[in-house]
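Visitor: Here it is: the structure, laid out below.
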Amino acid sequence: MRFKALVAIILFVNSPYIFCQDDSLSITNIPLELLENSNSVIRNESISIEIDDVDKMTIQTKRIVTVLNNSGDDQVSSLEFYNNNLTIKKQSAVVYNALGKEVKKYKQKDFKDVSAVSSNDLFTDNRVSYLDYTPTSYPYTILYNSEVVSKNTIFIQSWSPVDRTSQSVQETSYKLTNPKSIPLRIKETNIDSSIVNSGDKFNVKYSASNIAALKGEHLSPRIWDYIPKVKIALQDFALAGVKGSASNWQDLGQWQYDHLLVNKNELSPETIAEVRDLTMGVKEPMEKARLIYEYMQAKTRYISIQLGIGGWMPMNALEVDNLGYGDCKALTNYTYSLLESQGIKSYYTVVYAGEEKRDIDGEFASMQGNHVILTIPQENENIYLECTSQTAPFNYLGDFTDNRNVLLIKPSGGEIIKTKKYEFDENIQENSIELFLNANGDFEGDFKRISKGIQYGNTYGLERIAFKAQKIYYRKHLSYLKKLEIDSLTFLNSKKDKIFTEKMAIAGSNFGSVAGKRLLIPLSIVNVETEETPRYLDRNLPLEILRGKTIKNKTVLNIPAEYIVESIPENIELQNKFGSFKMEIKEENKKIIVNQTYILKDGLWEKEAYEDFRKFMIQLKTFSNQKAVIISN
C-alpha cells in the first residue's frame, strides 16, 4: 500500500463521523514518518532472556507488528523453532484490523507444526511452529507472544533494533537477566545515541524507539554491515548438555575440536587400503589430495543431517563410508579422515556461505557460521575443498565461500583466516563470435566462450542441464541474435585448470535493421554484463562492488558480398576508479572486427561515488549499443 493511500486511510478513520475504538493498536497511532518506505511497522517488541543456569535459559518474546501491504506479510516473525534441546512453553497470537479491533485469536494448538527443513533431509529433529494466517485486507496487526526454554546457552540471541529494510520501529527493547552472574561478553556495533543502554556488568538492557524504515539500495553493503547490533555470549555455556568455557577464538575452537570432532575419523581397513592403492606412486602430496577428493566426490552425495550435539557434530567417518551420504559437516570430516589416513594434514573450517559474502566475526568468539569446508594448509596459499559438491574442482570455492573470514578448527584451538579472493584479472570471461551475414538478414557462424575464476563457477553447470534448457539460456544470453538456432553444442571442462569452454554452431535471421539500401548492424553481440544502476535522488548508503571481473569480447562480422561498409563508430577508451572499457573497431577484407575489454574492479566507495558509477554504466550501455552501417552497392 502506498504512503499517500495510508495517510488517506488514517485521515478517514480519524474523522468524527467514523466510529473508532480508543485502541493503541489502531494504525492512527503510528507516526506518519514511520509509514514512509515501510511494508510493516514494529509497534512494540520486547525480548526478555533469563539465564537460569549455565545449561538453561528462558526466552520470552512479545511482538506487535502492523502489516501495511502484502510485501510485509513475511515480516511478522510469528514462529519458533524447536527440537530436543529447545522447548516451546507458550505460543499465541491475536489478529486485529486497521482500527485495532480483534479479528481472530490463535492458541498454541492452532499454530502449524512442520519439519524445519526440506523433505530431502533424511535426519533431523528440528521443527518449526508458525502462525498460518492469510489476510483478507490491509493494514492488519498481529500481537505475538511466546516463551521458549533452551538448553543451548552457547547461542544467546543478539539484538538489533531493526534488522531488515522496509520495516520501521515504534518501540523495541531487549533485556537479559543473569541472576547467577555468569561472566558475559558483549560487543556493540554501530550503536549511537538513539539507543539506550541501561545494563550493567552482569545484566543487559537496550531499547530504541521511532526508527524510520531503511531503504534498500542497489550495490550497497549488506545490511548486517551497517545496522546497530549487540552480540552477547556467556563465558560459561552449554550445547545439548555439553558444558564449556571460552572467551576467545582459540578457546572456543579448542572446545569444538574436543567435543565435536575428536574420535570422528575412524575408517575401515578396506577403505584405507583402497585409498592407499589409489595414490600409490604419486609423490606430490597435493596430487594425492586431489585424487582423494575426487574419490570422495564419486563415493558420496549430500543430504542435510541435523543431529548430534545440537546439529553441530558431524557423523562418524565410518558411517559416511558405509552409507555413502552426509551433510557438509559429515562430508568434510570424511574427507579430512581420508586425507589423514595418507598423512595429509587438513582442518575442519566453519564459514558463512552465500553469494553475499559474510565474515565470521574475528573480534567476537561465539558459535557462528552456516556451512563447513576443508582447508589444507600450504606455505604460500591454502587449498580449500567444498566437500558437498560432486562436481566442483579440487581447490575451487567460487562465490559461495570466497574472500571471507572463516574459523579454522585445529587440535590446538580456533584460528580466524581468510579464504581466497578472486581478483578482477582472475574472474575472466572471453567471448568470441564470428557471423556470416547475407542480404536477407540471415546469418550463420560460431560462438565460443571461455570462463575462469568466479565466471567458471557461473557456467560449468551448463553441461549438466537438458538441451532444451541450454537453448533457452543461450537465446537469452545472445539476445541480439533473433530466431537463434543452436547446433553442435560442445563443452570442455578443464577441472585441473578451472577453465570451462563452450562451443557451438549457430544460425538465425533478422540480423540488423533495414533502412532503404542500408543495413544497420549491432556490434556488441555479447553483452558486457553491466550492473543495474537505478537512480537515487538521495542515496544514503556507500557503493560496494563485491567482486571484480574482466570481460573480453571479439566479434567478427562477414558482411554480404553485395554490401560495403559505409560507416563504423570510432574507437573508445574509458578509464576511472571503477574500472575501464575499451572498444576497437576496424574494417578488413569485407569483415568488421570488434574487440571489447571491460574491467570492473571491486571496492567500497563513499555514497557520492554511486552517481559517477551510474554514469559509467550508462556510457557502457550506450557504447555497446552502437551500430555499423553497410550499404548495398
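For reference, each letter of the sequence shown is one residue, going -20 to -1, 1 to 613 in mature numbering (1 follows the signal peptide of the UniProt record, and there is no 0).
Ideal Cβ positions, reconstructed from N, Cα and C, are used throughout, including at glycine.
With distances taken between CB atoms, is the gap from L523 to S200 smaller than 9 Å?
Guide: Your numbering for residue 523 matches position 543 in the sequence shown. Your numbering for residue 200 matches position 220 in the sequence shown. Yes, the pair counts as a contact, with Cβ atoms nearer than the cut-off.
Visitor: If you follow the alpha helix (DSSP H) that K309 is part of, which residue opens it and which one closes it?
Guide: For the purposes of this step, residue 309 is identified with residue 329 of the sequence shown, where counting begins at 1. Looking at the DSSP string, the run of the alpha helix (DSSP H) that includes K309 is C308 to S321.
Visitor: Using CA coordinates, which residue listed in S369, G559, Y364 and G492 is at the minimum distance from G583?
Guide: As a first step, residue 583 must be located in the sequence shown, where it is residue number 603. The shortest C-alpha separation from G583 is found at G559.
Visitor: Just to confirm, are Q352 and T329 a CB contact at a threshold of 9 Å?
Guide: Reading the sequence shown from its first residue, position 372 is the one you call residue 352. Reading the sequence shown from its first residue, position 349 is the one you call residue 329. The sequence as given places Val at residue 352; Gln does not occur at that position. Against a cut-off of 9 Å, the Cβ pair of T329 and V352 comes out as a contact.
Visitor: Judging by CA-CA distance, which residue of I175, I479 and Q236 is the nearest neighbour of S153?
Guide: Here the question's residue 153 lines up with position 173 in the sequence shown. Here the closest residue by C-alpha is I175.
Visitor: I598 by DSSP, collapsed to three states: which one?
Guide: Counting from 1 along the sequence shown, the entry for residue 598 is found at position 618. The answer is helix: DSSP assigns I598 an H, G or I state.
Visitor: Determine the contact status of V545 and A589, defining contact as a CB-CB distance below 9 Å.
Guide: One-based indexing of the sequence shown puts residue 545 at position 565. One-based indexing of the sequence shown puts residue 589 at position 609. Not closer than 9 Å, so no.
Visitor: What first and last residue would you give for the beta strand (DSSP E) that runs through G488?
Guide: Position 508 of the sequence shown holds residue 488. Looking at the DSSP string, the run of the beta strand (DSSP E) that includes G488 is I479 to G488.
Visitor: So is Q116 buried or exposed if we call it buried at 16+ other beta carbons inside 10 Å?
Guide: Locating residue 116 in the sequence shown gives position 136, counting from the first residue. In the sequence on display, residue 116 carries Thr and not Gln. It counts as exposed.
Visitor: Could you give the DSSP three-state label for W292: helix, strand or coil?
Guide: Taking the first residue of the sequence shown as position 1, residue 292 is located at position 312. Correct three-state label for W292: coil.
Visitor: Ends of the alpha helix (DSSP H) at P265?
Guide: Counted from its first residue, the sequence shown places residue 265 at position 285. P265 -> alpha helix (DSSP H) spans P265 to K279.
Visitor: Would you identify the three-state DSSP class for R384, choosing helix, strand or coil?
Guide: Residue mapping note: residue 384 aligns to position 404 of the sequence shown, counting from 1. In the structure shown, R384 sits in coil (DSSP, three-state: anything other than H, G, I, E or B).
Visitor: Per DSSP, what kind of secondary structure is I166 in: helix, strand or coil?
Guide: Taking the sequence shown and counting its residues from 1, the one referred to as residue 166 is at position 186. Strand at I166.
Visitor: Please identify the residue among L580, K570, I573 and V574 whose C-alpha is closest to the C-alpha of L554.
Guide: Here residue 554 refers to the residue found at position 574 of the sequence shown. Per the Cα distances, L580.
Visitor: To the nearest angstrom, how far is the alpha carbon of S109 from that of N177?
Guide: Your numbering for residue 109 matches position 129 in the sequence shown. Your numbering for residue 177 matches position 197 in the sequence shown. When rounded, the distance between both Cα atoms is 32 Å.
Visitor: Mind checking which residues open and close the alpha helix (DSSP H) that includes I252?
Guide: Here residue 252 corresponds to residue number 272 of the sequence shown, with the count starting at 1. Start and end: P249 to L258.
Visitor: Thinking C-beta only, is G224 closer than 9 Å to G393?
Guide: Mapped onto the sequence shown, residue 393 falls at position 413. Mapped onto the sequence shown, residue 224 falls at position 244. Not a contact, by the Cβ cut-off of 9 Å.
Visitor: Buried or exposed: which applies to T114, given that a residue is buried once 16 or more other Cβ atoms fall within 10 Å of its Cβ?
Guide: As a working note, residue 114 is residue 134 in the sequence shown. That one is exposed.
Visitor: Going by the CB atoms, is the gap between G342 and I389 shorter than 9 Å?
Guide: Here the question's residue 389 lines up with position 409 in the sequence shown. Here the question's residue 342 lines up with position 362 in the sequence shown. Going by C-beta atoms, I389 is not nearer than 9 Å to G342.
Visitor: Near N551, what residues of its chain come up, given a Cβ to Cβ distance below 7 Å and the 5 sequence neighbours on each side ignored?
Guide: Position 571 of the sequence shown holds residue 551. The residues are M563, E564 and I565.
Visitor: One question on the structure: do Y316 and S326 come within less than 9 Å of each other, judged by their Cβ atoms?
Guide: Taking the first residue of the sequence shown as position 1, residue 316 is located at position 336. Taking the first residue of the sequence shown as position 1, residue 326 is located at position 346. Taking 9 Å as the Cβ cut-off, Y316 and S326 qualify as a contacting pair.
Visitor: What do you reckon, are the CB atoms on G378 and G437 nearer than 9 Å?
Guide: Within the sequence shown, residue 378 is the residue found at index 398, counting from 1. Within the sequence shown, residue 437 is the residue found at index 457, counting from 1. In this structure, G437 lies closer than 9 Å to G378 by Cβ.
Visitor: Have a look at K557 and D53 and give me their C-alpha separation to the nearest angstrom.
Guide: The sequence position of residue 557 within the sequence shown is 577, counting from 1. The sequence position of residue 53 within the sequence shown is 73, counting from 1. Cα to Cα, K557 sits roughly 41 Å from D53.
Visitor: With DSSP collapsed to three states, give me the class of A297.
Guide: Counting from 1 along the sequence shown, the entry for residue 297 is found at position 317. In this structure, A297 counts as helix in the three-state DSSP scheme.
Visitor: Could you say if the segment 210 to 228 and the segment 597 to 607 meet the contact criterion of at least three C-beta pairs nearer than 8 Å?
Guide: Cβ pair count under 8 Å is below three, so no.
Visitor: Would you call the segment 187 to 207 and the segment 53 to 69 touching, i.e. three or more CB-CB distances under 8 Å?
Guide: Not touching, per the Cβ criterion.
Visitor: From S95 to Q322, what distance separates their C-alpha atoms?
Guide: Against the sequence shown, residue 95 aligns to sequence position 115. Against the sequence shown, residue 322 aligns to sequence position 342. Looking at the two C-alpha atoms, the distance is approximately 40 Å.
Visitor: Going by the DSSP bridge assignment, what does D33 pair with across the sheet?
Guide: Taking the sequence shown and counting its residues from 1, one reaches residue 33 at position 53. Answer is K36, bridged to D33.
Visitor: Going by C-alpha distance, which of E410, I207 and A218 is nearest I136?
Guide: Residue numbering aside, residue 136 sits at position 156 when the sequence shown is read from its first letter. When only C-alpha atoms are compared, the closest one is A218.
Visitor: In the DSSP assignment, what residue or residues form a beta bridge with N398?
Guide: Within the sequence shown, the letter at position 418 stands for residue 398. Just to set this straight, residue 398 is Lys in the shown sequence, not Asn. Answer by DSSP bridge pairing, in chain order: N385.
Visitor: L164 CB to nearest chain D CB: under 9 Å?
Guide: The chain inventory of the structure shown lacks chain D, comprising one protein chain alone.
Visitor: Can you give me the C-alpha to C-alpha distance between S187 and P141, rounded to a whole angstrom?
Guide: Taking the sequence shown and counting its residues from 1, one reaches residue 187 at position 207. Taking the sequence shown and counting its residues from 1, one reaches residue 141 at position 161. About 8 Å.
Visitor: In this structure, does DSSP put S146 in helix, strand or coil?
Guide: Here residue 146 corresponds to residue number 166 of the sequence shown, with the count starting at 1. DSSP places S146 in coil when its eight states are reduced to three.
Visitor: Around the Cβ of V242, are there at least 16 other Cβ atoms within 10 angstroms (buried) or fewer (exposed)?
Guide: The count along the sequence shown starts at 1 and reaches residue 242 at position 262. Classification for V242: exposed.
Visitor: If I measure Cβ to Cβ from R498 and keep anything under 6 Å in the same chain, skipping five residues before and after, which residues do I get?
Guide: Stepping through the sequence shown from its first residue, residue 498 is reached at position 518. Closer than 6 Å at Cβ, skipping near neighbours: V609 and I611.
Visitor: If you measure between the beta carbons of Q150 and L12, is that distance less than 9 Å?
Guide: On the sequence shown, position 170 is the one that residue 150 refers to. On the sequence shown, position 32 is the one that residue 12 refers to. Not a contact, by the Cβ cut-off of 9 Å.
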